[in-house]
Amino acid sequence: RQRDHYDYWYRILDEKGREKLYRNILLYDAYKFGTNHTEGKATEVADFDSPNPAMKHFFGPVGNKVGHNGHGAYATGDAVYYMGYRMLDKDGAITYTHEMTHNSDQDIYLGGYGRRSGLGPEFFAKGLLQAPDQPSDATITINSILKHSKSDSKEGERLQVLDPTTRFKDATDLQKYVHNMFDVVYMLEYLEGKSIVKKLNVYQKIEALRKIENQYLTDPADGNDVYATNVVKNLTEDEAKKLTSFDSLIDNNILSAREYKAGTYERNGYFTIKLFAPIFSALSGEKGTPGDLMGRRIAFELLAAKGFKDGMVPYISNQYEEDAKQQGQTINLYGKERGLVTDELVLKKVFDGKYKTWAEFKTAMYQERVDQFGNLKQVTFKDPTKPWPRYGTKTINNVDELQKLMDEAVLQDAKERNYYYWNNYNPETDSAVHKLKRAIFKAYLDQTNDFRRSIFENKK
Numbered sequence: 001r002q003r004d005h006y007d008y009w010y011r012i013l014d015e016k017g018r019e020k021l022y023r024n025i026l027l028y029d030a031y032k033f034g035t036n037h038t039e040g041k042a043t044e045v046a047d048f049d050s051p052n053p054a055m056k057h058f059f060g061p062v063g064n065k066v067g068h069n070g071h072g073a074y075a076t077g078d079a080v081y082y083m084g085y086r087m088l089d090k091d092g093a094i095t096y097t098h099e100m101t102h103n104s105d106q107d108i109y110l111g112g113y114g115r116r117s118g119l120g121p122e123f124f125a126k127g128l129l130q131a132p133d134q135p136s137d138a139t140i141t142i143n144s145i146l147k148h149s150k151s152d153s154k155e156g157e158r159l160q161v162l163d164p165t166t167r168f169k170d171a172t173d174l175q176k177y178v179h180n181m182f183d184v185v186y187m188l189e190y191l192e193g194k195s196i197v198k199k200l201n202v203y204q205k206i207e208a209l210r211k212i213e214n215q216y217l218t219d220p221a222d223g224n225d226v227y228a229t230n231v232v233k234n235l236t237e238d239e240a241k242k243l244t245s246f247d248s249l250i251d252n253n254i255l256s257a258r259e260y261k262a263g264t265y266e267r268n269g270y271f272t273i274k275l276f277a278p279i280f281s282a283l284s285g286e287k288g289t290p291g292d293l294m295g296r297r298i299a300f301e302l303l304a305a306k307g308f309k310d311g312m313v314p315y316i317s318n319q320y321e322e323d324a325k326q327q328g329q330t331i332n333l334y335g336k337e338r339g340l341v342t343d344e345l346v347l348k349k350v351f352d353g354k355y356k357t358w359a360e361f362k363t364a365m366y367q368e369r370v371d372q373f374g375n376l377k378q379v380t381f382k383d384p385t386k387p388w389p390r391y392g393t394k395t396i397n398n399v400d401e402l403q404k405l406m407d408e409a410v411l412q413d414a415k416e417r418n419y420y421y422w423n424n425y426n427p428e429t430d431s432a433v434h435k436l437k438r439a440i441f442k443a444y445l446d447q448t449n450d451f452r453r454s455i456f457e458n459k460k
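Counting from 1, one number per residue, gives the positions in the sequence shown under the UniProt record's numbering.
If you want it as structure tokens, here you go:
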């Protein structure tokens with residue numbers, strides 16, 4: 001598994017990055033051992049004085065005396081120490097992708113440009129470059145390590161790549177996968193947004209949606225106040241009244257209330273971007289660096305639009321630091337003047353001035369899919385309105401049929417009001433919209449063989 005993960009990175013990095021992958025990183029397994037009576041995963045944690053032969057004859061002689069700190073694992077730049085997870089378990093494999101991001105992002109994954117100023121190490125791992133925890137995770141993430149099988153008992157729930165060793169042959173393959181995935185994501189978000197603005201009254205919109213804003217606080221480490229913290233807020237009646245068209249959802253920085261709670265999303269947090277809960281907003285960091293929610297979402301949108309090296313990396317790294325410095329955009333970092341890469345600069349450089357604002361970019365991405373609606377491929381999916389285990393199937397032949405289903409699901413969610421109150425709320429069982437979108441996404445994932453093909457007829 002670990003080899004497969006590094007092969008993934010070898011295939012998508014350029015020649016310079018590939019060479020840097022050749023290095024020594026020590027991985028120490030956790031002190032967790034089973035006995036002859038252990039059922040399931042081993043949970044017993046040994047200490048340095050344990051008579052267990054592994055401690056006495058291996059960990060002791062190699063000098064790995066590390067106390068358990070309560071975390072799953074941690075990285076030091078030259079090593080990884082497992083704690084709560086065991087290296088060879090599936091959980092350990094996912095943890096490997098997390099910790100090796102910490103060990104590799106600045107100098108290798110990000111082209112040697114380093115992390116973009118203000119973005120903490122956890123931004124790059126969980127929810128961005130780390131593999132998803134489960135194949136059924138309804139998150140925008142890339143499975144880069146685990147091979148699954150069509151014969152798996154949970155195959156019907158899989159939303160992630162089946163086998164990264166065969167799906168991703170190079171960086172072009174990665175972009176194609178994400179771009180084709182976003183064909184579905186953007187389409188379903190557009191249809192849901194249209195249903196909300198057309199079918200719901202003001203008070204129902206208040207319950208279905210929230211807005212996202214930036215807050216700028218002085219960084220306790222370097223003293224700068226140009227790094228955005230994302231804050232999600234409930235809508236007021238006046239704000240909801242403005243939401244009369246799909247574009248108004250973008251212009252007013254709207255996102256779904258379904259899986260984004262109101263509150264502050266602290267920088268350097270462990271957040272994931274939800275596959276079926278729209279972030280219509282294109283909120284940028286007007287003073288400098290984006291917040292943790294918007295940063296992750298836009299990073300994936302840039303991967304879809306421009307690729308890893310030309311889209312995602314310039315956005316999440318300090319690639320344009322010298323350009324910023326030449327333009328007089330600077331900050332003081334620990335006594336040294338450094339260029340401040342702003343969202344505005346990235347937008348201008350990545351798209352060569354094509355878009356004046358990030359909202360223009362986002363609108364164009366939705367429109368690119370809307371223009372293809374007439375070419376949508378027919379698809380048959382499990383009907384989520386039928387009770388388990390007697391799922392029926394349903395076939396849609398065009399976008400109009402899908403829009404009608406979305407209208408019904410949005411109205412049902414508004415009537416039941418589940419996701420507004422958050423009391424034991426689970427979108428997998430409590431949201432008609434979520435269940436519809438999951439069923440459609442899964443059907444297209446399978447039909448296109450993990451998005452090797454587009455859902456639109458005249459695109460490959």
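Just so you know, even glycine gets a beta-carbon here, dropped at the ideal spot from N, CA and C.
- By the Cβ neighbour-count rule, Gly111 is buried, with 16 or more other Cβ atoms within 10 Å of its own.
- Burial is judged here by how many other beta carbons sit within 10 angstroms of a residue's own beta carbon; Thr172 has fewer than 16 and is exposed.
- The Cβ-Cβ distance between Asn224 and Phe123 does not fall below 8 Å.
- In the DSSP assignment, the residues bridged to Glu213 are Val231.
- In the three-state reduction of the DSSP assignment, Thr101 falls in the helix class.
- Straight-line spacing of the CA atoms in Phe182 and Tyr74 works out to 32 Å.
- In this chain, the beta strand (DSSP E) harbouring Gly339 covers 336–339.
- Taking the C-beta atoms as reference points, Thr289 is found no nearer than 8 Å to Thr264.
- Per DSSP, Asn180 is one residue of the alpha helix (DSSP H) stretching across 171–199.
- Three or more Cβ pairs closer than 8 Å define a contact, and the segment 235–253 falls short of that threshold against the segment 336–354.
- Phe456 places its beta carbon less than 8 Å from that of Leu376.
- Nearest to Arg297 by alpha-carbon distance, out of Lys287, Ser317, Phe271, Tyr320, is Phe271.
- Within 10 angstroms of the beta-carbon of Ala262 lie fewer than 16 other beta-carbons, which makes it exposed.
- The Cβ atoms of Arg116 and Asn332 do not sit closer than 8 Å to each other.
- Contact between the segment 426–441 and the segment 400–415 is present: three or more C-beta pairs spanning the two stretches fall below 8 Å.
- The residue among Lys306, Leu235, Met87, Leu159 with its C-alpha nearest the C-alpha of Leu26 is Met87.
- Excluding its 5 nearest sequence neighbours in each direction, Lys233 has C-beta neighbours in its own chain below 7 Å: Arg210, Lys211, Glu213, Ala262, listed in chain order.
- In this structure, Pro278 and Gly193 form a Cβ contact; the two beta carbons are roughly 7 Å apart against a cut-off of 8 Å.
- By the CB criterion at 8 Å, Ala30 and Met83 fall inside the cutoff.
- Looking at the DSSP output, Asn332 bridges to Glu337.
- By the Cβ test, the segment 5–15 is in contact with the segment 140–150, since at least three Cβ pairs between them sit closer than 8 Å.
- Taking every protein chain shown into account, the CB of Gly17 has 16 or more other CB atoms within 10 angstroms, so this residue is buried.
- The continuous beta strand (DSSP E) containing Ala73 extends over residues 73–75.
- Pairing Asp89 with Gly60, the inter-Cα distance amounts to about 23 Å.
- Counting C-beta pairs with one atom in each stretch, the segment 338–345 and the segment 308–327 have three or more that are closer than 8 Å, which means they touch.
- Here DSSP, grouped into helix, strand and coil, assigns Ile140 to coil.
- Residues of the same chain with a CB within less than 6 Å of the CB of Thr76, apart from the 5 flanking positions on each side, do not exist.
- Following the DSSP letters along the chain, one finds Lys306 inside the alpha helix (DSSP H) bounded by residues 292–306.
- By the criterion of a C-beta distance shorter than 8 Å, Thr165 is surrounded in its chain by Asp4, Asp7, Tyr8, Lys147, once the five residues flanking it on both sides are discounted.
- Considering only Val184, Glu157, Ser284, Thr363, the residue with the shortest C-alpha distance to Val226 is Ser284.
- Annotation for Leu255: the continuous beta strand (DSSP E) segment containing it runs 254–256.
- A direct Cα-to-Cα measurement between Lys356 and Thr363 gives close to 12 Å.
- Taking all protein chains shown into account, Thr101 has 16 or more neighbouring C-beta atoms within 10 Å of its C-beta and is therefore buried.
- Counting other Cβ atoms within 10 Å of its Cβ, Arg167 reaches 16 or more and is therefore classed as buried.
- The residue among Leu405, Val231, Pro220, Tyr186 with its C-alpha nearest the C-alpha of Val370 is Tyr186.
- Contact between Phe280 and Ile250 holds, with the beta-carbon distance rounding to 5 Å and staying under 8 Å.
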